[in-house]
Amino acid sequence: MSDENLIKQTCKELGLTYKQLGEAIGVSEGRVKQLAIGEVGEQVQKACEMLLKINRLEKQLTEHNQLKTLLKNFIS
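Quick note on the working numbering: the sequence shown kicks off at 3 and runs consecutively.
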């Protein structure tokens with residue numbers, strides 16, 4: 003991860019508001035705002051890392067499915 007706060011980085015990469023991120027990881031918007039300017043605990047860190055990983059995996063899956071479709075169309 004970069005030097006940027008994990009909360010800010012996660013919101014930025016996923017295109018989420020603090021409220022949306024809070025809903026995704028099970029904390030209030032106010033708590034997310036606090037975490038955006040302070041230390042992020044281990045549980046929140048793991049939740050954000052998992053969200054980021056899921057997002058990357060979903061993008062990879064989409065790319066693989068697109069390639070699969072292209073190959074099917076090429077073969078037929």
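Backbone N, C-alpha and C define an ideal beta-carbon position, used for all residues, glycine too. Remember, it's a predicted structure, so these values are computed and weren't measured experimentally.
*asked:* By the DSSP assignment, the alpha helix (DSSP H) with V29 in it spans what residues?
replied: V29 -> no alpha helix (DSSP H), and no H or E assigned at all.
query = Looking at G17 and the ligand ATP, is the gap between the Cβ and the nearest heavy atom below 8 Å?
reply = By its list of ligands, the structure shown contains no ligand whatsoever, and the ligand ATP lies outside what it can speak to.
- Message: I need the DSSP call for N57, collapsed to helix, strand or coil.
- Response: helix
In chain order, what residues of the same chain have a beta carbon less than 7 Å from the beta carbon of K10, not counting five sequence neighbours either side? A38
Three or more C-beta pairs under 8 Å: does that hold for the segment 55 to 62 against the segment 18 to 25?
no
Open item on the list: Between which two residues does the alpha helix (DSSP H) holding L8 run?
Closed with: L8 to L16
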